[in-house]
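Residue numbers (my numbering): 19 to 127.
Below, the structure written as structure tokens:
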């Protein structure tokens, strides 16, 4: 914030098969709670349907990518997602409350 690091924490980004898009983005919208569902085909093992995910920040709508809480794992610091940025509860809630629509989001290796 104003050139100073405010907070840092581990996240989980997209696995090799479903990478998080690298680049410069901005927070497009904030959604307190939403469901995530994606179907790659009938009975595909990568299909998912995750309900009641809190603290969602849309940053790359073209690729359906969000920063959000991930209650289904605790393996932060490792690639785990289908492209979103997974964050633990404490940091996700903090980020959701701190960030404003229009704030920059920079995704890098």
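All residues carry an ideal CB built from backbone N, CA and C; glycine is no exception.
query	result
Per-residue burial, residue 96 [other beta carbons within 10 Å of its own, 16 or more giving buried]	exposed
For residue 75, the first and last residue of its enclosing beta strand (DSSP E)	66 to 78
Inter-stretch contact (C-beta, 8 Å, three-pair minimum) for the stretch 40 to 48 and the stretch 76 to 84	yes
For residue 123: DSSP bridge partner residues	43
Cut-off 7 Å between Cβ atoms - residues of its own chain near residue 31, not counting five sequence neighbours on either side	38, 97, 99 and 103
Option in 25, 55 and 116 with minimal Cα separation from residue 75	116
Endpoints, alpha helix (DSSP H) assigned at residue 113	107 to 116
Whole-angstrom distance between residue 52 and residue 77, CA atom to CA atom	15 Å
Residue 65 and residue 58 closer than 8 Å at C-beta	yes
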